[in-house]
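Undergrad: Residue numbers (this note's numbering): 1 to 357. We put the CB at the ideal spot given by N, CA and C, even for glycine. This is the structure I have questions about; it appears just below.
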Amino acid sequence: MRGAILHRNVRRFGRFRAAGAPANVLPNNPGRNAMTISRRTAIALTASFGASAALPARAQSSFPQRSLRILIGTTPGGSPDIIGRLLADKMAGPLGQSFAVENNTGGGGGIAAGIVQNAQPDGHTMTLLTAGYASGAAVNKFKFEGDKSFAFITMVCAYPFAYIVPKDSPIKSFPDMLARARANPGKMTYVITSLGAVYHLIGTWVGGKAGVDMTPVSYRGSQAAVTDVLGGRVDVMLEPATSAFPRVHSGQFRMLAVTSEARYPLMPSAPTVAETLPGVHYMSWLGMATTPGTPRPAVERLNREIHAALKLPDVQQKLKEGGNIAIPSTPEGMLRQIGDEVANWKQIIEVNKIKVN
Numbered sequence: 001m002r003g004a005i006l007h008r009n010v011r012r013f014g015r016f017r018a019a020g021a022p023a024n025v026l027p028n029n030p031g032r033n034a035m036t037i038s039r040r041t042a043i044a045l046t047a048s049f050g051a052s053a054a055l056p057a058r059a060q061s062s063f064p065q066r067s068l069r070i071l072i073g074t075t076p077g078g079s080p081d082i083i084g085r086l087l088a089d090k091m092a093g094p095l096g097q098s099f100a101v102e103n104n105t106g107g108g109g110g111i112a113a114g115i116v117q118n119a120q121p122d123g124h125t126m127t128l129l130t131a132g133y134a135s136g137a138a139v140n141k142f143k144f145e146g147d148k149s150f151a152f153i154t155m156v157c158a159y160p161f162a163y164i165v166p167k168d169s170p171i172k173s174f175p176d177m178l179a180r181a182r183a184n185p186g187k188m189t190y191v192i193t194s195l196g197a198v199y200h201l202i203g204t205w206v207g208g209k210a211g212v213d214m215t216p217v218s219y220r221g222s223q224a225a226v227t228d229v230l231g232g233r234v235d236v237m238l239e240p241a242t243s244a245f246p247r248v249h250s251g252q253f254r255m256l257a258v259t260s261e262a263r264y265p266l267m268p269s270a271p272t273v274a275e276t277l278p279g280v281h282y283m284s285w286l287g288m289a290t291t292p293g294t295p296r297p298a299v300e301r302l303n304r305e306i307h308a309a310l311k312l313p314d315v316q317q318k319l320k321e322g323g324n325i326a327i328p329s330t331p332e333g334m335l336r337q338i339g340d341e342v343a344n345w346k347q348i349i350e351v352n353k354i355k356v357n
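Shown next as structure tokens:
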């Protein structure tokens, strides 16, 4: 069945490489006090969008040889799931093969990643990695060993995190939030998913830079968190813009700030954290990877097809609706970005003495 896409929602258990001290982390500038896809990096990544056609076209006829799989490490309906299925739908025709998109949840994405890492190294099994892979490697939850961990294909899209509050909250702005936290150390609360997750690292980084003590409250699901924030039991939501923007547009919440370096084009009225705390900016991301050791021609073919899909107007519109911007890259660009991010998170954890256990 060529050009078809199959949707599956399965929970599987696979071996993810044991956590330990990350090896082969790419060099990082110790003086760089920003954990983000910076404007310069974004330009470099985006430049590869137009240059993707220059990748060699050899061995196109030999790949793919059978149906392909994209494993999503998060639950159905979230941004990775939506974007993974969108890409599969657009790639099925050009590749002449069907796709199976599977939700393999658990382990913070580790189960899906482990299945891909241990698959046949031929490019037919992929995973849509989230930025949680880099933060997880920084806290030794996962191992990052460069191209020994994955055959990285391309970055796909990026989005900031956002601080939001209920529309009737007494907190009027991001500087006001910091002022209230400074006046009442430890009493201001904000939502996170777990200790050591990106939410927690951003919140602690912001608190350390501002000299305030805010208390993270961990939730397993967003619905319970939203209920408690709306009910006044937690003060602030800190979450990806892909979730925050719809809540703001619904009128239930107000935007305090986003973590992009400059005003985010999809919500230019939102102040940035960096306007109050220079140097504090972060863009989360999604990126496609396959099994380490996959032949380069297969990686290049997948890179080209994903780049082509990201250029389609309906794909760009879908990304925009979800609060995402496309950031296609070369395989080397994705590897370099993740290596820099792991190193920067480690530095931020050390400087701010963040406890993750």
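Quick one: Cα of A59 to Cα of A298, how far?
TA: Residue placement at A59 is flagged as unreliable, the pLDDT there being 42, under the threshold of 50; a coordinate-derived value is accordingly withheld.
Undergrad: Classify N381 as helix, strand or coil using the three-state DSSP reduction.
TA: Shown here, the chain extends from 1 to 357; a query on residue 381 therefore has no answer.
Undergrad: Tell me the start and end of each unbroken alpha helix (DSSP H) in the region 99 to 167 that is at least 4 residues and wholly inside, in chain order.
TA: Within the region 99 to 167, the complete alpha helix (DSSP H) runs of at least 4 residues are 110 to 117, 132 to 138.
Undergrad: Less than 8 Å between C-beta atoms, sequence neighbours within five positions excluded: which residues of the same chain meet that for I306?
TA: Answer for I306: L87, M91, I153, T154, V156, M288, P328, listed in chain order.
Undergrad: Is DSSP giving P313 helix, strand or coil here?
TA: The answer is helix: DSSP assigns P313 an H, G or I state.
Undergrad: Contact check, V258 vs P160 under 8 Å by CB: the rounded distance?
TA: Their Cβ separation, rounded to whole angstroms, is 4 Å, which keeps V258 and P160 in contact under 8 Å.
Undergrad: Do S169 and P240 have their C-beta atoms closer together than 8 Å?
TA: For S169 and P240, no; Cβs fall outside 8 Å.
Undergrad: Considering Cα atoms alone, identify which of L266, G107, I115 is closest to H124.
TA: Nearest option by C-alpha distance: I115.
Undergrad: Buried or exposed for E321, please, with buried defined as at least 16 other CB atoms from any protein chain shown within 10 angstroms of its CB.
TA: Answer is exposed; the Cβ neighbour count stays below 16.
Undergrad: When you compare only the Cα positions, how much space is there between T294 and A138?
TA: Straight-line Cα distance between these residues: approximately 25 Å.
Undergrad: Quick one: measure Cβ to Cβ for D81 and N103, integer angstroms, because I've assumed they're closer than 8 Å.
TA: Contact flag correct, Cβ pair sits at about 6 Å.
Undergrad: For E261, report the span of its beta strand (DSSP E) as first-last.
TA: First-last for E261: undefined, no H or E at that position.
Undergrad: Taking the beta strand (DSSP E) that I72 falls in, what are its first and last residues?
TA: Taken as a continuous stretch (DSSP letters only), the beta strand (DSSP E) holding I72 covers 68 to 72.
Undergrad: Would you give the residue range spanned by the beta strand (DSSP E) that T287 belongs to?
TA: Position check: residue 287 holds Gly in this sequence, whereas Thr was assumed. From DSSP, the beta strand (DSSP E) with G287 extends over 283 to 290.
Undergrad: Does any C-beta atom of chain B lie closer than 8 Å to the C-beta of G110?
TA: The chain inventory of the structure shown lacks chain B, comprising one protein chain alone.
Undergrad: Within the same chain, show all residues whose beta-carbon is closer than 7 Å to that of V198, passing over the 5 residues directly before and after it, in chain order.
TA: Correct list, in chain order: A131, G132, S135, S284.
Undergrad: Which one or two residues does DSSP pair with E239 in a beta bridge?
TA: BP columns for E239 point to A162.
Undergrad: For A151, which option in N344, L335, L256 has the closest C-alpha, if you only look at C-alpha atoms?
TA: Nearest option by C-alpha distance: L335.
Undergrad: Is it buried or exposed for E261, if we count other Cβ within 10 angstroms and need 16 for buried?
TA: Result: buried.
Undergrad: Look at the Cβ atom of G339, then the Cβ atom of G146, and state whether they are nearer than 8 Å.
TA: In contact: G339 and G146 (Cβ atoms closer than 8 Å).
Undergrad: What residues in its chain sit with their C-beta under 7 Å from that of I202, if we drop five residues either side in the sequence?
TA: Within the same chain, I202 has close Cβ partners F161, L238, T259, Y282.
Undergrad: How would you write the range of the alpha helix (DSSP H) that T272 sits in, first residue to last?
TA: No alpha helix (DSSP H) contains T272, which DSSP labels as neither H nor E.
Undergrad: Between the Cα of N140 and the Cα atoms of G207, A183, K346, which residue gives the shortest distance?
TA: Of the listed residues, the one whose Cα sits closest to N140 is K346.
Undergrad: So, for P216: in the same chain, excluding its five sequence neighbours on each side, which residues have a beta-carbon less than 7 Å away from its beta-carbon?
TA: Within the same chain, P216 has close Cβ partners Y190, I192, H200, G203.
Undergrad: Find the nearest neighbour of L95 within the set T105, S62, T75, judged by alpha-carbon distance.
TA: Nearest of T105, S62, T75 to L95, Cα basis: S62.
Undergrad: Can the beta-carbon of L266 be found less than 8 Å from the beta-carbon of G208?
TA: Taking 8 Å as the Cβ cut-off, L266 and G208 do not qualify as a contacting pair.
Undergrad: Between which residues of its own chain and F174 is the CB-CB distance below 7 Å, once the five residues before and five after are set aside?
TA: Same-chain partners within the cutoff: Y163, L256, A257, P271, V273, T276.
Undergrad: Which of the three DSSP states, helix, strand or coil, is assigned to S79?
TA: If DSSP states are grouped into helix, strand and coil, S79 belongs with the helices.
Undergrad: Would you mind stating whether M214 and A244 have Cβ atoms separated by less than 8 Å?
TA: No, they are not a contact pair.
Undergrad: Under DSSP, the beta strand (DSSP E) around P216 begins and ends at which residues?
TA: Note, P216: beta strand (DSSP E), 215 to 218.
Undergrad: Using a threshold of 8 Å, state whether the C-beta atoms of Q117 and T291 are closer than that.
TA: Yes, the Cβ-Cβ distance between Q117 and T291 is below 8 Å.
Undergrad: Would you say L128 and L286 are within 8 Å of each other, going by their C-beta atoms?
TA: Going by C-beta atoms, L128 is nearer than 8 Å to L286.
Undergrad: Measuring straight from C-alpha to C-alpha, what distance separates N303 and P185?
TA: Cα-Cα distance, rounded: 48 Å.
Undergrad: Classify L312 as buried or exposed, calling it buried when 16 or more other Cβ atoms lie within 10 Å of its own Cβ.
TA: Its Cβ having fewer than 16 others within 10 Å, L312 is exposed.
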